[in-house]
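Numbering (this note's numbering), first residue to last: 4 to 61.
Printed below as a string of structure tokens:
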């Protein structure tokens, strides 16, 4: 498994940087989520960048 740098915006609007393994990508109630190695779940629409690749417009 590869360690990834994930930059995302949390529900309070803070930009967060985590380094972890992406264990799973799942869909629930029409929304996509990323599950990280330690069990942290991040909404895919809040992810700004993974390993330097921008995922959001702006």
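A virtual CB, placed ideally from N, CA and C, is assigned to each residue, including glycine. Just so we're clear, the structure is a prediction, and the values are computed from it rather than from any experiment.
Report yes if the C-beta distance between residue i and residue j is below 8 Å; otherwise report no.
| i | j | result |
| --- | --- | --- |
| residue 37 | residue 50 | yes |
| residue 25 | residue 18 | no |
| residue 21 | residue 39 | yes |
Starting from residue i, trace the beta strand (DSSP E) both ways and give me its first and last residue.
| i | result |
| --- | --- |
| residue 12 | 6 to 12 |
| residue 49 | Counting along the chain, residue 49 falls outside any beta strand (DSSP E), and DSSP gives it neither H nor E. |
CA-CA distance, residue i and residue j?
| i | j | result |
| --- | --- | --- |
| residue 8 | residue 55 | 8 Å |
| residue 57 | residue 48 | 12 Å |
Taking only three categories from DSSP, how would you classify residue i?
| i | result |
| --- | --- |
| residue 39 | strand |
| residue 58 | coil |
| residue 23 | strand |
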